[in-house]
Structures are given as C-alpha cells and as structure tokens.
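Colleague: Please find one structure pasted underneath; my questions will follow.
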C-alpha cells in the first residue's frame, strides 16, 4: 500500500455517503424542493423588474445562485449533522477506536460532503431546466467553484460538528452564520445593485466569491474576475482545512 | 513482550472544582494469552484506564504499549491489535448488522471479510439478524453486535468493558463460551466486570482498582488463598453482639463473617451464643472472590 496511513478512509467515506443516501428524501429531495420554490416565487415576482446582466433574464440569473446555495448548504449540513449525531448517539466511538488518521477523517467527511453538495446541486439544476434553458459559457469554472465551494462548506461543517455538543448549538451555527452569509452573498441579486457601503461589506464575505465565480461559469460575466474569486476561495479553504486538521489531530472534543 | 504494558499511568480530569485524579500511577503488565480481570467499584478508574488504552482518552502522564506499540505515538499499529467492546450500548441507526460489520472491518483496512463476518454472526447467534436494522434489535442483540464489531478485524487482544451489564443469562453464557474459546485459541482478554463470580470463573489474573490506585494485583488463585479462607454465613432476626458487628457483612437477614481459621469460627460461634443470637441455615463456606474483593476494598480505605 502506497499510503498506509490512508488505509480505510474509503470505508469511512463510503459510510458517510451511504448515510445521507439512505435518507435521500430528506437530504436530497427536500433541498431540491426548497430551491425550486425559491425559483418559482422570486422568479415570478421579480422577472419583470430586475435585470442584472444584459441579455440574461432574472430567472436565468437566479439559477446559478440557487444551485450554488444548495451545494453550499448541503455540503455543510452533511459533515456537521453526521458528526453531531454520532457524538450525541455515542457511535463516534466506532471510528475513534480505529487506526484512521486525521487525514482519513478529513478526506472522508469533506469528500462525502462534496458528494452530497454536488448531488443536490445537480438535482436543483436539473429541475431548473424546466424553467429556463441551460447556459454554460465556461463549464470548467462551474465545476471548479462547485467543488471548491462544497469542500469549503464541508470543512466548515466538520469544524462545526466537532465543536457543537448539542443540536441547538449546531442550529445556531447554521442559522446565524451559514444562512446569513449565503443569503447576503448575491444569490438573489448582483452586489452592483447595493449601496456602496453594503458592497464593501459583501466583499468581506467569502460566500460572495463562490457564487460570483460560479455564476461566471454560466454567463461569462461576473462582478469581479473569476481568478480573484478562485484565489480568495482557495485561500479560505486552505485556512479552514488547516484549522480542521489541527482539531482532528489534537482530538478536539472527541478524545479527552 | 507483554501484550499490554501500562507504565505509571496517571489521569487528572479538569473539573469546575479543580482537578479530579481518576488514575494515580497505575502500572501493570498483561501477558500474551492471559485472561485478565480489572475489578473495582464504580468510579475506581477502570473505564478511564481502558479508554487510555484504546486511545479514546489521553493520559496526563505515563504510557501504555500494546504489543510494544505506544498507544499515542504509534496509535494506528496499537489500535489494530485491540478489539474494544465499549460499555455503553451504542449503535449507528442508519445501518443493518451486516453493513455495520463490513464498515467497521473497512475502517481497519480489512476488505472482503465476509467469511469471518459470517462466522462471527453464527458464533454470537446473530445469523438471522444480519439484515435487520440496528434500531430493530433488542438490547441483548445490540450487545452481541458490539462484540462482533470489536472482533471484526481479528485483533489479538480483546478488551471488554462490563460486557454483561444488564444482559440476560443466555447471552452471558453464549458470550463467555465464545470469549473463552477465543482465549484458548491464544487471544489475550482484558475484562472489567461487576459480576465477581464471572471474574473468578474466567480470569487467571486480577487487578483491583480503588480511587485510581492498584490495590491488588495477583493470580486469582493466590488472591483467594491469601484472603480469609472461610466465611461463616447464617440468617438471623436478632441484633449482632457489639464485638462482631463491625466485622460482619449484613444483607437483609443474611450475615457473613470472614474467618482466617477454625479458631476464628469457634470464637464467632461462642460470641453469638453468648449474645443469644438465633441462627438459621448456618454454614461455613470457602471464601469467594467477592469476599476477597470486599476485604481488599475495606483494607485500602
């Protein structure tokens, strides 16, 4: 075996994928449904009032934002809820007793979160095709930002899952941090339409760059260069990954 | 090389009232092939010691090696040697029994392990539950799955933390039959239990813990010899004479008086007769591990 320390990580990865797939009605179908409701309601109400990019209808503009929002929220939900649940149920002990290293934990939890994020994202995208025709000006950018965004949120979910002892702490993390940051990142609008002060604030939100870069892949237009977004999201992911690895290596809240 | 070597392990937990010392320089070795019993009252530090051995907890000082591998420095190699049955009845509600075992096997890097998984299911009476979801199993069945999970990677050392707590007689028999068989095949077994008759019957060596200290460590047979060899036991409704009361263990109507030799017994009987104590079902029996245990715990106070 070339990487003996990585032995067994695929089993943990497989377990994490199987876990959400067994309850896919709740973990895949439900978020797709939510995103479609957003599209129906916002698209219907704002279609005639908002024009963000030239030659792009509001509904078409909204699609990448909704897809990315679903990718991000579900990637976060996957690792965080799995960890909190296994900590509360006590079944995390079965993983703690194994020779799996912190690399293996990281790869498995983040990897499975990426899978869940992409599955939900694809589901949302597939349904939007009933409302607006597909566009993909730069498909590689779509893929890069989907992967990187899912990885970043999966890693944040891992950190939140290690930190939280109870479901309500988890809900606080989700409702007061993840939700505002996704909603205030330009899912439903271009930040060009905001007053200058709020534009400045939005530039501090890493989620903004994920959605902006992702949208560039669809329309070839964005608020800022996709390369800048890639750099910022990439650095953000490396930073949270370093923190997650540190917590896993030291057994933060799992090995006392 | 001992299978498990515990060298001066201490553990202090930080609590709101300052540090609580769960283990105080505990040292002991378990040889390969031994059936070793770790006994002690609740809160003595048994589970803490097992948690440090399994890597669930970090020692404040001291170290533990498993087949020569340090449980912290070389944790992956150490954990491959260990099969730990946790005390709590935990399970993952998403999976059925076979999936649970396949996944656990995979975590240890052991693939294509179905032959051994089938054998485990068969030996533990789980064969007809292989496809049942974990949630649907009774407490006893869940306990069997915990044992199977611990053994799925064929570890040479098996650690059982109170495996028979709240378990019916049939499962206890099945479990001990199976564990004893594995021990005969060469597996080292480390057991904690509150059922002292089980420890007496199964363990060839015993350590007793109290307040985080080892207060006895010897072969089971030696422990039984060195302690009071006999016990005078009877039932009565009368109060005991003042001179005997501190020596006696009273459970309802049953009185037990540990005795070193025949003259102790004569002395007890004479004192009881003087005190006009009416005895029923009087017997003199050999000391059991429970008597030794109580004596050691009292002595270590």
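Protein chains in written order, with our numbering: chain A, 3 to 258; chain B, 14 to 314. Don't be surprised by glycine CBs; every beta carbon is placed ideally from N, CA and C. Note that the structure is a prediction, hence the values are computed from the model and not measured.
1. Going by DSSP in three states, residue 132 of chain B sits in which element: helix, strand or coil?
2. Between residue 149 of chain A and the rest of its own chain, which residues show a CB-CB distance below 7 Å, the 5 nearest in sequence each way excluded?
3. Which residue spans inside the segment 228-301 of chain B form an unbroken alpha helix (DSSP H) run of at least 4?
4. Counting pairs of beta carbons, one from the segment 40-50 of chain B and one from the segment 236-247 of chain A, are three or more of them closer than 8 Å?
5. Please list, in chain order, all residues of the same chain as residue 69 of chain A whose beta carbon is under 7 Å from its beta carbon, the five residues on each side excluded.
6. Taking residue 24 of chain A as the query, report the chain B residues whose CB atoms sit under 9 Å from its CB, ordered along the chain.
7. For the segment 52-73 of chain B, which residues have a beta carbon sitting closer than 9 Å to at least one beta carbon of chain A?
8. Check the Cβ-Cβ distances between residue 116 of chain B and every residue of chain A, and say whether any is below 7 Å.
9. Within the continuous beta strand (DSSP E) that includes residue 58 of chain B, where are the two ends?
10. Have a look at the DSSP bridge pairing and note the partners of residue 34 of chain B.
11. Exposed or buried, residue 60 of chain A, counting other C-beta atoms within 10 Å across all chains shown (16 or more means buried)?
12. What is the DSSP secondary structure of residue 83 of chain B, reduced to helix, strand or coil?
13. Are there three or more Cβ pairs, one per stretch, closer than 8 Å when the segment 198-206 of chain B is compared with the segment 225-232 of chain B?
14. Who are the near neighbours of residue 91 of chain B in its chain, counting only those whose CB is closer than 6 Å to its CB and skipping five residues on each side?
15. Report the residues of the segment 85-106 of chain A with a CB closer than 8 Å to any CB of chain B, ordered along the chain.
16. Would you call residue 248 of chain A buried or exposed, if buried means 16 or more other Cβ atoms sit within 10 Å of its Cβ?
17. Let me make sure I understand the geometry here. Which of A/34, A/18, A/71 has the alpha-carbon closest to that of residue 154 of chain A?
18. What does DSSP give as the partner residues of residue 76 of chain B in its beta bridges?
19. Given residue 121 of chain B, which residues of its chain have a CB within under 6 Å of its CB, disregarding the five upstream and five downstream residues?
20. Taking residue 247 of chain B as the reference, give the member of B/170, B/276, B/292 with the closest Cα.
21. Do we get a CB-CB distance below 7 Å when we pair residue 255 of chain A with the residues of chain B?
22. Which residues in chain B have a C-beta closer than 7 Å to the C-beta of residue 21 of chain A? List them in chain order.
23. In the structure shown, what three-state DSSP assignment does residue 40 of chain B receive?
24. Please classify residue 119 of chain B: does DSSP put it in a helix, a strand, or coil?
25. Which residues in the same chain as residue 208 of chain A place their Cβ atom closer than 7 Å to its Cβ, once the five residues preceding and following it in sequence are excluded?
26. Straight-line CA distance for residue 272 of chain B to residue 161 of chain B?
27. Closest Cβ-Cβ distance between residue 165 of chain B and chain A: below 7 Å?
28. Anyone know if the C-beta pair for residue 148 of chain B and residue 106 of chain B falls short of 7 Å?
29. Taking just the CA atoms, how far does residue 300 of chain B sit from residue 109 of chain A?
30. Closer than 9 Å between beta carbons: that is the criterion. Which residues of the segment 86-105 of chain B meet it against chain A?
31. Does the beta-carbon of residue 54 of chain B have 16 or more other beta-carbons within 10 angstroms, so that it is buried, or is it exposed?
32. Does DSSP classify residue 253 of chain A as helix, strand or coil?
33. Measure the C-alpha to C-alpha separation of residue 224 of chain B and residue 69 of chain B and round it to an integer number of angstroms.
34. Could you work out which residues of chain C lie near residue 179 of chain B, taking near to mean beta carbons separated by less than 8 Å?
35. For residue 201 of chain B, write down the residues that DSSP places opposite it in a beta bridge.
36. Counting only Cβ-Cβ distances shorter than 7 Å, please list the residues of the segment 32-61 of chain A near chain B, keeping chain order.
Modeller: Put simply:
1. helix
2. 116
3. 233-239, 275-287
4. no
5. 123, 126, 127
6. 107, 108
7. 64, 67, 68, 69, 70, 71
8. yes
9. From DSSP, residue 58 of chain B is part of no beta strand (DSSP E); its letter is neither H nor E.
10. B/25
11. buried
12. strand
13. no
14. 79, 82, 84
15. 88, 91, 92, 93, 95, 96, 97, 98, 99, 100, 101, 102, 103
16. exposed
17. A/71
18. B/20
19. 166
20. B/292
21. no
22. 107
23. strand
24. helix
25. 234, 235, 238
26. 43 Å
27. no
28. yes
29. 56 Å
30. 88, 89, 90, 91, 92, 93, 95, 96, 97, 99, 101, 102, 103, 104, 105
31. exposed
32. coil
33. 20 Å
34. In the displayed structure, chain C is absent; the protein chains listed are A and B.
35. B/170
36. none
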